Amino acid sequence: AQTVTQSQPEMSVQEAETVTLSCTYDTSESDYYLFWYKQPPSRQMILVIRQEAYKQQNATENRFSVNFQKAAKSFSLKISDSQLGDAAMYFCAYRRVLYSGAGSYQLTFGKGTKLSVIP
Amino acid sequence: SAVISQKPSRDICQRGTSLTIQCQVDSQVTMMFWYRQQPGQSLTLIATANQGSEATYESGFVIDKFPISRPNLTFSTLTVSNMSPEDSSIYLCSVEGLLGTEAFFGQGTRLTVV
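In structure tokens form, the structure reads like this:
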């Protein structure tokens, strides 16, 4: 079974600074997807960034980037120029690639990291 | 991306009663997913709902407690039956994107059982 571990229950960052959230995972699969989701107090789960395991290049979305280390099974999220609106719970998630429609599309989530942004 | 509307957004219910949560998607999707997020916890998949077939439940969840309907390709309901305070959670509906590479979520239903 796949597991996702986020070792930082809470983090804080000064506005305009950079912060890195950690995530490790365990899987025996070679093809899979990794995600970071943001959940603000509104409860809406918002996709921040996605990484395909077969891609060596780290994904980037504006101020958000990842450091994907497949051999180490590590997937950290870096937020640059932090803004007050970045304050939220951040969840790392894993999903394996399915072929021929078989199996579960289940997303496996970590326990989350609560990020606070200090003005 | 898919737009998902979930109702109600929150409710306070008496123990022993049932609540039905609705999930409406703005496009046709094959699979819809229901997650539970207990207070301060991560998301756990309850079941996968395919149109025209019975839902597939994850370990620890049973149909009698969480019956699911999927009458068409844009709509699903989850019922939380015979509620107890332990059922107090956020319940989220989710669908796969067109490329099958990411999930989109409704805004969730915050359920409090008293």
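The listed protein sequences derive, respectively, from chains H and X.
Take 1353 as the starting number for the first sequence in the working numbering and just add one per residue.
Take 2 as the starting number for the second sequence in the working numbering and just add one per residue.
Note that the Cβ used here is the ideal one computed from N, Cα and C, for glycine as well.
In this text, all values refer to a predicted model and were calculated from it rather than measured experimentally.
Quiz item: What residues from the stretch 62-85 of chain X come within 7 Å of chain H, judged by C-beta to C-beta, listed N to C?
Solution: Cβ contacts with chain H come from no residue of the stretch 62-85 of chain X.
Quiz item: In or out: residue 7 of chain X buried (at least 16 other Cβ within 10 Å) or exposed?
Solution: One-based indexing of the second sequence puts residue 7 of chain X at position 6. Classification for residue 7 of chain X: buried.
Practice problem: With a 10 Å radius around its C-beta and 16 neighbouring C-beta atoms as the bar for buried, classify residue 87 of chain X as buried or exposed. | Solution: As a first step, residue 87 of chain X is located in the second sequence; it is residue number 86 there, counting from the start. In the assembly as shown, residue 87 of chain X is an exposed residue. Its beta-carbon has fewer than 16 other beta-carbons within 10 Å.
Practice problem: Grab the span of the beta strand (DSSP E) containing residue 36 of chain X for me, first residue to last. | Solution: To locate residue 36 of chain X, count along the second sequence from 1; it is residue 35. Unbroken beta strand (DSSP E) run through residue 36 of chain X: 32-38.
Quiz prompt | Pair within 7 Å by beta-carbon distance, residue 32 of chain X and residue 49 of chain X | solution = Position 31 of the second sequence, counting from 1, holds the residue named residue 32 of chain X. Position 48 of the second sequence, counting from 1, holds the residue named residue 49 of chain X. Result yes, Cβ atoms of residue 32 of chain X and residue 49 of chain X sit closer than 7 Å.
Quiz item: How about residue 1418 of chain H and residue 1411 of chain H: do their beta carbons lie closer than 7 Å?
Solution: Against the first sequence, residue 1418 of chain H aligns to sequence position 66. Against the first sequence, residue 1411 of chain H aligns to sequence position 59. Contact flag set, yes.
Quiz item: Looking only at its own chain, which residues have a Cβ that is under 6 Å from the Cβ of residue 1454 of chain H, when we skip the five neighbours before and after it?
Solution: Within the first sequence, numbered from 1, the residue matching residue 1454 of chain H stands at position 102. Reliability fails at residue 1454 of chain H, whose pLDDT of 49 lies under 50, so the model's placement of it is uncertain and the value that follows must be treated cautiously. Taken in chain order, the list of residues that qualify is empty.
Quiz item: Counting only beta-carbon atoms, is residue 1416 of chain H nearer than 7 Å to chain X?
Solution: Residue 1416 of chain H sits at position 64 when you count from the first residue of the first sequence. No, because no Cβ of chain X sits closer than 7 Å to the Cβ of residue 1416 of chain H.
Quiz item: In chain H, which residues lie with their C-beta within 8 Å of the C-beta of residue 43 of chain X?
Solution: The sequence position of residue 43 of chain X within the second sequence is 42, counting from 1. Those within 8 Å of residue 43 of chain X in chain H are 1443, 1461, 1462, 1463, 1464.
Exercise. Using DSSP bridges, identify the partner residues of residue 1384 of chain H.
Key: Taking the first sequence and counting its residues from 1, the one referred to as residue 1384 of chain H is at position 32. Paired residue(s): H/1448.
Quiz item: Considering only C-alpha positions, which residue in the set H/1409, H/1462, H/1468 is nearest to residue 1447 of chain H?
Solution: Position 95 of the first sequence, counted from the start, is the residue given in the question as residue 1447 of chain H. For residue 1447 of chain H, the nearest C-alpha among the options comes from H/1462.
Self-check item: Where residue 112 of chain X meets chain H, residues with beta-carbon distance less than 8 Å
Solution: For the purposes of this step, residue 112 of chain X is taken as residue 111 along the second sequence, with counting starting at 1. The contacting residues do not exist; residue 112 of chain X stays about 12 Å from chain H at best.
Quiz item: Buried or exposed: which applies to residue 110 of chain X, given that a residue is buried once 16 or more other Cβ atoms fall within 10 Å of its Cβ?
Solution: Position 109 of the second sequence, counted from the first residue, corresponds to residue 110 of chain X. Buried is the call here.
Self-check item: Distance CB(residue 1386 of chain H)-CB(residue 104 of chain X) smaller than 7 Å
Solution: Start at 1 with the first residue of the first sequence, and residue 1386 of chain H comes out as number 34. Start at 1 with the first residue of the second sequence, and residue 104 of chain X comes out as number 103. Contact flag unset, no.
Self-check item: Beta-carbon separation (whole angstroms), residue 1373 of chain H vs residue 1467 of chain H, contact threshold 8 Å
Solution: Here residue 1373 of chain H corresponds to residue number 21 of the first sequence, with the count starting at 1. Here residue 1467 of chain H corresponds to residue number 115 of the first sequence, with the count starting at 1. Indeed they touch by this definition, with Cβ atoms about 7 Å apart.
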